[in-house]
Amino acid sequence: MNILLFGPPGSGKGTQSALLVQGMGYKHISTGDLFRENMKNDTELGKEAKGYMNEGKLVPDSLTIAMVKDALSRLAGKSFILDGFPRNIPQAEALDGLLGHLNLNLDKAVFLEVPSDKIVARLSGRRLCKNCGAVYHIEHHMPMQKGVCESCGKGPIYQRDDDKDEAIQTRLKVYAESTAPLKDLYQSKGKLSVIDGDDEEAVVYKRIKSQLEA
Ligand code: AMP
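Under our numbering, the first residue of the sequence shown is numbered 255, with each subsequent residue one higher.
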């Protein structure tokens, strides 16, 4: 089964994708992670994407779609979970074209629903491991040993530039204008599953899993 996960920034897409990869063996395609990887390696794509990302804006569709095309063409028969793509209607249309071309099918679009007041608290307190991407939060989950990641033993633990206040506001606006309309689109295709994402990670994961198995 091939799925995509979408929702407001900070709705837990990355965390839930990681659990789905662990539990169900999906190939994870996260456009945000791919851009961050390119930025870390200082590639041309990373340099182009950096300004948009740090301000909380969408990277232009042409760059994003080309990157997804490349990732989808290297699946080698594995089921995929698309995390953070598509983020607007033109990307969703491009995705249909890419999948058709590769003879692949999208089975479900899983929407993670989280109230907006919770979103801001989640994003502004979020911290990540620079080495492995493990996610922490300043209020309820930080490494026991300051600056040392509990997943990989390395670090440092940092705050994403786009998790700072001004960028958060931009991301929420971009989400409302560009990404939220995808809900109606996938509803009309009969592929939408809405999941209450306002709970502990493990509880949300169970909800997603039972929807996928239904
Ligand atoms: P994420 O890790 O999914 O929150 O994405 C972080 C940032 O990467 C976004 O705020 C955008 O700047 C960029 N990005 C990720 N996915 C996309 C996409 N599908 N289209 C355009 N920009 C994206």
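A virtual CB, placed ideally from N, CA and C, is assigned to each residue, including glycine.
Bear in mind that the values here come from a model prediction, so they are computed numbers and not experimental data.
heavy atom of the ligand AMP below 6 Å from residue i C-beta
i, result
"Val448", "no"
"Gly286", "yes"
"Gly338", "yes"
"Val374", "no"
"Phe470", "With the chain covering only 255 through 468, there is no way to say anything about residue 470."
"Leu312", "yes"
"Met307", "yes"
Same chain, Cβ closer than 8 Å to residue i, five either side skipped, listed in chain order
i, result
"Ala303", "Phe289, Asn292, Met293, Val313 and Leu317"
"Met255", "Ser333, Asp361, Lys362 and Leu466"
Assigned secondary structure, residue i (DSSP; H/G/I helix, E/B strand, else coil)
i, result
"Tyr412", "strand"
"Lys445", "coil"
"Asp452", "coil"
"Lys460", "helix"
"Lys427", "helix"
"Lys418", "coil"
Cutoff 6 Å; reference residue i; Cβ partners in own chain excluding five residues on either side
i, result
"Gly264", "Ile373, Arg376 and Leu377"
Assess, as a yes-or-no matter, whether the stretch 430–438 is touched by the stretch 380–395 under the definition of 3 or more beta carbon pairs within less than 8 Å.
no
Using 8 Å as the cut-off, can you tell me whether the stretch 322–335 makes contact with the stretch 272–285, which would need three or more C-beta pairs spanning the two stretches below that distance?
yes
Going along the chain, which unbroken runs of the alpha helix (DSSP H) with 4 or more residues stay wholly within the stretch 331–391?
343–355 and 370–378
Length-filtered (4 minimum) alpha helix (DSSP H) runs lying within the stretch 284–336
285–294, 298–309 and 315–326
Assess contact between the stretch 259–275 and the stretch 322–329, defined as three or more Cβ pairs (one per stretch) separated by less than 8 Å. Is contact present?
no
Please determine if the stretch 373–386 and the stretch 407–424 are in contact, where contact requires at least 3 C-beta pairs separated by less than 8 Å.
Yes, the stretch 373–386 is in contact with the stretch 407–424.
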